[in-house]
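Novice: Below is one structure. I have some questions about it.
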Amino acid sequence: MGTNADPDFASLLDDLFVAKKTHEETSPKPSVPFDYLSVADELYSGRIKVASDVAAAEYREASETFEAGFAALLASLDALASERAETAEELLPIDPEAIARELDLATARASADFSKLRRNFAFHNHPDRVAPHLRQRAMVRMQVANMLIDDAKRRAAKAAKR
């Protein structure tokens with residue numbers, strides 16, 4: 027490049043363009059020239075003849091290969107679908123009554139009991155602790171559980187004041 031100790035931007039660009047031109051001049055040319063227009067002209071000229079029975083045989087063979095491959099793909103997808111159906115996990119309920127039964131709110135009396143219930147439920151059901159495809163459902167379960175625990179905590183506090 028340049029030999030200037032403090033080159034300006036324009037001289038730096040000039041040096042880069044000169045270096046690019048010298049590189050282009052020394053790069054090898056393609057070993058086989060290829061003219062796309064002459065190939066297209068040759069194809070459309072009619073000088074290339076393919077027997078119709080040969081072409082039909084090629085299409086038939088390609089079609090059979092495709093159909094066999096497609097059938098194998100469908101069979102593997104069916105096997106995968108049946109395997110997934112067998113291993114499908116049961117989704118945890120988001121119904122408030124089911125979550126209330128799971129929390130067993132009737133046994134909790136003190137504020138510490140409700141906090142312990144909340145921590146235990148979060149340990150098993152927090153969205154960060156479940157598979158990505160179950161996170162939305164876990165978030166709803168956590169919201170419902172927190173709402174139920176807060177409501178039970180308020181009711182227990184009112185009952186204690188009486």
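Just so you know, my numbering puts 57 at position 31 of the sequence shown, and the rest follows in order with no gaps.
Just so you know, even glycine gets a beta-carbon here, dropped at the ideal spot from N, CA and C.
1. Among 108, 82, 136 and 174, which has the Cα closest to the Cα of residue 185?
2. Which of helix, strand or coil does DSSP assign to residue 140?
3. Rounded to a whole number of angstroms, what is the C-alpha to C-alpha distance between residue 76 and residue 66?
4. Going by Cα to Cα distance, which pick from 39, 42 and 179 is closest to residue 142?
5. Drop a sphere of 10 angstroms on the beta-carbon of residue 131, count the other beta-carbons inside from all chains shown, and report buried for 16 or more, exposed for fewer.
6. Within 10 Å of its beta-carbon, does residue 134 have 16 or more other beta-carbons around it, so buried, or fewer, so exposed?
7. Put residue 109 into one of helix, strand or coil per three-state DSSP.
8. Please state whether DSSP places residue 118 in a helix, a strand or coil.
9. In chain order, what residues of the same chain lie with their CB nearer than 7 Å to the CB of residue 108, ignoring the 5 residues before and after it?
10. Which class does residue 95 belong to by DSSP, given the choice of helix, strand or coil?
Specialist: Result, derived from the coordinates:
1. Within the sequence shown, numbered from 1, the residue matching residue 185 stands at position 159. The shortest C-alpha separation from residue 185 is found at 136.
2. The count along the sequence shown starts at 1 and reaches residue 140 at position 114. Residue 140 falls in the helix class under three-state DSSP.
3. Counted from its first residue, the sequence shown places residue 76 at position 50. Counted from its first residue, the sequence shown places residue 66 at position 40. Rounded to the nearest whole angstrom, the CA to CA distance from residue 76 to residue 66 is 16 Å.
4. As a working note, residue 142 is residue 116 in the sequence shown. Cα-wise, what sits closest to residue 142 is 179.
5. Position 105 of the sequence shown, counted from the first residue, corresponds to residue 131. By the 10 Å Cβ count, residue 131 comes out buried.
6. Taking the first residue of the sequence shown as 1, we reach residue 134 at position 108. Result: buried.
7. Within the sequence shown, the letter at position 83 stands for residue 109. Helix, per DSSP.
8. As a position in the sequence shown, residue 118 is number 92, starting the count at 1. If DSSP states are grouped into helix, strand and coil, residue 118 belongs with coil.
9. If you number the sequence shown from 1, residue 108 lands on position 82. Same-chain partners within the cutoff: there are none.
10. The residue you call residue 95 lines up with position 69 of the sequence shown. In the structure shown, residue 95 sits in a helix (DSSP, three-state: H, G or I).
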